[in-house]
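Visitor: Below is one structure. I have some questions about it.
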Amino acid sequence: MTGHGEAHRHQDGLSVAVEVRSVNNRYFKLNFRASEGYAALETQVEALVRQQVRRGTVQLSLRVDRQASPDDYRLNAAVIAGYMRQLNALAKEGVGVEGVRADSLLQLPGVVCEPVADWALVESHWPIIEGAVKEAVTQFAAMRAEEGATMAVDMRSNCALILKELQQIELRAPLVIDAFRTRIVEKLNKLLSEMGTRIEPADVVREIGIFSERSDISEEIVRLKSHLEQFETAMQVEEAGGRKLDFLTQEMFRETNTIGSKANDAQIAHHVIEIKTAIERVREMIQNIE
Numbered sequence: 001m002t003g004h005g006e007a008h009r010h011q012d013g014l015s016v017a018v019e020v021r022s023v024n025n026r027y028f029k030l031n032f033r034a035s036e037g038y039a040a041l042e043t044q045v046e047a048l049v050r051q052q053v054r055r056g057t058v059q060l061s062l063r064v065d066r067q068a069s070p071d072d073y074r075l076n077a078a079v080i081a082g083y084m085r086q087l088n089a090l091a092k093e094g095v096g097v098e099g100v101r102a103d104s105l106l107q108l109p110g111v112v113c114e115p116v117a118d119w120a121l122v123e124s125h126w127p128i129i130e131g132a133v134k135e136a137v138t139q140f141a142a143m144r145a146e147e148g149a150t151m152a153v154d155m156r157s158n159c160a161l162i163l164k165e166l167q168q169i170e171l172r173a174p175l176v177i178d179a180f181r182t183r184i185v186e187k188l189n190k191l192l193s194e195m196g197t198r199i200e201p202a203d204v205v206r207e208i209g210i211f212s213e214r215s216d217i218s219e220e221i222v223r224l225k226s227h228l229e230q231f232e233t234a235m236q237v238e239e240a241g242g243r244k245l246d247f248l249t250q251e252m253f254r255e256t257n258t259i260g261s262k263a264n265d266a267q268i269a270h271h272v273i274e275i276k277t278a279i280e281r282v283r284e285m286i287q288n289i290e
């Protein structure tokens with residue numbers, strides 16, 4: 001499921017900003033971006049995210065700004081000496097570089113060493129960062145939970161539609177056998193009257209029995225109803241059930257296919273199409289559920 005959360009912390013000259021968002025994915029994947037020096041925290045950050053997220057591609061951005069002190073900056077003596085040697089050499093060759101100002105020299109690349117967060121410093125900042133990550137992930141999870149509740153309503157609506165269509169199929173199924181019996185008797189009577197022969201009633205009963213056995217969908221109807229009941233039960237479980245729901249939709253689709261192929265009836269075929277459409281809608285939503 002999609003979601004978004006963000007949090008900010010300001011403490012002891014440290015400014016932390018965390019943003020979490022996700023896109024749909026059947027599996028869990030964390031894309032972690034952090035300020036320079038803080039990428040080493042990915043393992044700890046992922047552990048916090050996994051506490052509330054099991055599926056989806058999660059993008060987490062961590063920005064850390066630290067108020068610098070005068071002692072954080074150092075002049076690189078070796079680089080400065082190198083620049084001075086080159087300037088003196090140019091001066092001896094008559095190139096007008098005399099009287100170079102110190103502020104100009106400080107602007108040259110490599111002269112001033114900017115502060116870089118080492119591991120000890122990063123680790124000391126972790127308690128503040130951890131609090132921001134937890135808050136952002138909590139907001140993120142709350143938004144996903146709200147979206148999940150909306151999806152649950154939609155899935156239950158589709159399951160209700162599936163059950164309604166299945167009940168119509170259940171009512172129609174016995175009529176298919178009666179219609180076949182009527183058709184075969186009419187055809188045989190017409191054929192026999194034209195040929196002047198007769199057929200044993202047992203033969204008619206045998207043909208009707210064969211058709212009834214081949215087109216019997218009672219077991220498939222019972223199993224499909226059972227899958228719907230299991231689906232509702234799985235939706236009520238708080239722990240992750242996305243994979244189980246996915247399996248149940250596959251089984252529902254398989255039973256529906258069998259009903260369509262065995263029933264041999266136009267009206268039942270229409271109901272089968274409606275059921276397949278509803279199952280497909282449910283399946284698309286399940287891909288985003290944990």
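Just so you know, full-length UniProt numbering puts 60 at position 60 of the sequence shown, and the rest follows in order with no gaps. No residue lacks a Cβ here, since even glycine has one placed at the ideal position from N, Cα and C.
#1: Taking the continuous beta strand (DSSP E) assigned at Val237, which residues delimit it?
#2: What number of angstroms, rounded off, separates the C-alpha of Glu232 from the C-alpha of Thr249?
#3: Return the residue from the list Pro127, Ala39, Asn88 that minimises the CA-CA distance to Leu14.
#4: By the DSSP assignment, the beta strand (DSSP E) with Leu14 in it spans what residues?
#5: Determine whether the beta carbon atoms of Val137 and Val20 lie at a separation below 7 Å.
#6: DSSP beta-bridge partners for Ser61?
#7: Determine, using beta-carbon pairs with one atom in the stretch 263-271 and one in the stretch 165-172, whether at least three such pairs fall under 8 Å.
#8: Taking the beta strand (DSSP E) that Gly3 belongs to, which residues open and close that run?
#9: Could you check the C-alpha separation between Ala132 and His8 for me, to the nearest Å?
#10: Distance, Cα to Cα, Ala91 vs Arg66?
#11: By a C-beta neighbour count over all protein chains shown, 10 Å radius and 16 as the cutoff for buried, is Pro260 buried or exposed?
#12: Counting beta carbon pairs with one atom in the stretch 76-91 and one in the stretch 26-37, are three or more of them shorter than 8 Å?
#13: Would His271 pass as a contact of Glu165 if the rule is Cβ separation under 7 Å?
#14: In angstroms, rounded to a whole number, what distance separates the CA positions of Val153 and Cys159?
#15: Throw me the rounded Cβ distance for the Ala40 and Val122 pair, which I believe falls under 8 Å.
#16: Can you tell me where the alpha helix (DSSP H) with Ala77 in it begins and where it stops?
#17: First and last residue of the alpha helix (DSSP H) that includes residue 308?
#18: Are the beta-carbon atoms belonging to Ile286 and Met252 less than 7 Å from one another?
#19: Could you check the C-alpha separation between His10 and His125 for me, to the nearest Å?
#20: Smallest Cα separation from Trp119: which of Leu105, Tyr38, Ala34?
#21: Have a look at Arg254 and Val222 and give me their C-alpha separation to the nearest angstrom.
#22: Expressed to the nearest angstrom, what Euclidean distance is found between the alpha-carbon atoms of Gly82 and Asp12?
#23: What does the alpha-carbon distance come out to for the pair Gly5 and Arg144?
#24: If the criterion is Cβ atoms closer than 7 Å, does the pair Gly56 and Ser22 meet it?
#25: Please list, in chain order, all residues of the same chain as Met151 whose beta carbon is under 6 Å from its beta carbon, the five residues on each side excluded.
#26: Could you check what DSSP says for Arg55 in three-state terms: helix, strand or coil?
#27: With 16 as the cutoff for other CB atoms within 10 Å, does Ile162 come out buried or exposed?
#28: Gln86 to Glu93, Cα distance in whole Å?
Guide: Concretely, from the data shown:
#1: Here Val237 belongs to no beta strand (DSSP E), and DSSP marks it neither H nor E.
#2: One C-alpha to the other measures close to 12 Å.
#3: Pro127
#4: 14-23
#5: yes
#6: Glu19, Arg33
#7: With the cut-off at 8 Å, the stretch 263-271 and the stretch 165-172 touch.
#8: 3-11
#9: Those two C-alpha atoms are separated by around 6 Å.
#10: Distance between the alpha carbons of Ala91 and Arg66: 41 Å.
#11: Strictly speaking, residue 260 in this sequence is Gly, with Pro absent from that position. Answer is buried; the Cβ neighbour count reaches 16.
#12: No contact exists between the stretch 26-37 and the stretch 76-91.
#13: yes
#14: 10 Å
#15: 6 Å
#16: First-last of the alpha helix (DSSP H) with Ala77: 77-92.
#17: The requested residue 308 does not occur in the structure, where the chain is confined to residues 1 to 290.
#18: no
#19: 11 Å
#20: Tyr38
#21: Here the alpha carbon of Arg254 sits roughly 13 Å from the alpha carbon of Val222.
#22: 38 Å
#23: 10 Å
#24: Cβ atoms of Gly56 and Ser22: closer than 7 Å.
#25: Met285
#26: coil
#27: buried
#28: 11 Å
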